[in-house]
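Structure first, then comments.
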Amino acid sequence: MANRLFCSFPHLRVREVGPIYFTMLAVFMILLIGPYKALPSRSRPPVSGAVRSPRFVQMSWNVSYPEKVIYFQILIKDLKFGLISECRTRGEFAGADLIVLSMKSFLCKPKDAWSDQQGRLHLDSQQDYELLKARQSPEDSTFSLKDHLSRVIQEDYTIEDGTVHVIYALLEKPTQFFQLLTSSLPESGTSESSTLKPDIPIAQLPRDVINLDVRAPWVLIPAQETTYWCYITELPKDFPKHHIVMYEPVITKGHEAIVHHIEVFQCDVGYQTILATVGPATPK
Numbered sequence: 106m107a108n109r110l111f112c113s114f115p116h117l118r119v120r121e122v123g124p125i126y127f128t129m130l131a132v133f134m135i136l137l138i139g140p141y142k143a144l145p146s147r148s149r150p151p152v153s154g155a156v157r158s159p160r161f162v163q164m165s166w167n168v169s170y171p172e173k174v175i176y177f178q179i180l181i182k183d184l185k186f187g188l189i190s191e192c193r194t195r196g197e198f199a200g201a202d203l204i205v206l207s208m209k210s211f212l213c214k215p216k217d218a219w220s221d222q223q224g225r226l227h228l229d230s231q232q233d234y235e236l237l238k239a240r241q242s243p244e245d246s247t248f249s250l251k252d253h254l255s256r257v258i259q260e261d262y263t264i265e266d267g268t269v270h271v272i273y274a275l276l277e278k279p280t281q282f283f284q285l286l287t288s289s290l291p292e293s294g295t296s297e298s299s300t301l302k303p304d305i306p307i308a309q310l311p312r313d314v315i316n317l318d319v320r321a322p323w324v325l326i327p328a329q330e331t332t333y334w335c336y337i338t339e340l341p342k343d344f345p346k347h348h349i350v351m352y353e354p355v356i357t358k359g360h361e362a363i364v365h366h367i368e369v370f371q372c373d374v375g376y377q378t379i380l381a382t383v384g385p386a387t388p389k
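When we follow my numbering, the leftmost residue of the sequence shown carries the number 106, and every step to the right adds one.
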């Protein structure tokens, strides 16, 4: 039990908007475990994912569907000679589509690259990343980039809906690009996130909707990477018959990189006894 981490989230909740049509709610949360520290407040794209390290790296993004492009912002604390990063469906550097930010005399030019199965780096035949802005200070460095949503060459990873792995490695010394092996990269880290969000407008809600908050009171985080957490509760006794209009997660500020997603399920009616459940979900 010494390896377990204990963390309380008294304000972690799922907000039910509107009349709903069942007697119990089961809330499942996937928690991604890792050292995390909140970023200082700064302007950044609204859809955000984070990778963590002792030096701390954050990548944020914002998708423009009319332009068919995705805008990235990368913040690095104490940048030395460069960064290698990628988004893909598996958390490995070998056989990956990469972006390389190399520093020379305080100038940065992004390179669109890929690695073979042996971990050797190669430049893409077509360079898609465009550097929009770069800012450096003694505290951190910020880079704004643009890329196309549709990729046209074989080595490129197609950015699509679903969970992707964001991987990075920091370069500690000047390195010849074509002599670099991904297996020799020094400090590295990985994080999972959803890259693209549905381009769906927010619907107008009826005037007679009822808001119901369902909160997971205390969450125990075991010392493992992924945890499915279940919380079951009964609706108030005087709650009227209803149907779901909308539900959304509301996560305590600063905990966004820990919670992967939240789901709400309807429990079958007819149970005489409701088992109070809070804890890791199991097949039973």
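Ideal Cβ positions, reconstructed from N, Cα and C, are used throughout, including at glycine. All values derive from a computational prediction rather than experimental measurement.
Using a 10 Å radius around the Cβ and a threshold of 16 neighbouring Cβ atoms, would you call residue i buried or exposed?
{"i": "Y336", "result": "buried"}
{"i": "E292", "result": "Reliability of the predicted coordinates at E292 is poor, the pLDDT of 49 falling under 50, and no value is obtained from them."}
{"i": "A218", "result": "buried"}
{"i": "A328", "result": "exposed"}
{"i": "S220", "result": "buried"}
{"i": "D313", "result": "exposed"}
{"i": "F211", "result": "The predicted model places F211 with a pLDDT of 46, which falls under 50 and marks its position as unreliable; any figure quoted below should be read in that light. Exposed, since its Cβ has fewer than 16 Cβ neighbours within 10 Å."}
{"i": "A308", "result": "exposed"}
{"i": "D343", "result": "exposed"}
{"i": "I363", "result": "buried"}
{"i": "I204", "result": "buried"}
{"i": "L310", "result": "exposed"}
{"i": "L275", "result": "buried"}
{"i": "L380", "result": "exposed"}
Under the DSSP definition of a beta bridge, which residues are partnered with residue i?
{"i": "L236", "result": "L250"}
{"i": "K346", "result": "Paired residues: none, contrary to the question."}
{"i": "H365", "result": "In DSSP, H365 forms no bridge with anything."}
{"i": "H227", "result": "W219"}
{"i": "D313", "result": "D313 is not bridged to any residue."}
{"i": "D183", "result": "D183 is not bridged to any residue."}
{"i": "Q241", "result": "S246"}
Does the beta-carbon distance from residue i to residue j come in below 9 Å?
{"i": "I181", "j": "S246", "result": "yes"}
{"i": "Y273", "j": "M164", "result": "yes"}
{"i": "K79", "j": "S249", "result": "What is shown of the chain runs 106 to 389, which leaves residue 79 out entirely."}
{"i": "V319", "j": "T332", "result": "no"}
{"i": "K214", "j": "L228", "result": "no"}
Kindly list the residues whose CB is nearer than 7 Å to the CB of residue i, restricted to its own chain and excluding five residues on each side of it in sequence; keep chain order.
{"i": "H253", "result": "K173, V174, D233"}
Among residues of its own chain, excluding the 5 on either side of residue i, which ones have a beta-carbon nearer than 6 Å to its beta-carbon?
{"i": "T387", "result": "none"}
{"i": "R240", "result": "T247"}
Can you list, in chain order, the residues of its chain with a C-beta nearer than 8 Å to that of residue i? Leave out the 5 residues immediately preceding and following it.
{"i": "V257", "result": "Reliability of the predicted coordinates at V257 is poor, the pLDDT of 43 falling under 50, and no value is obtained from them."}
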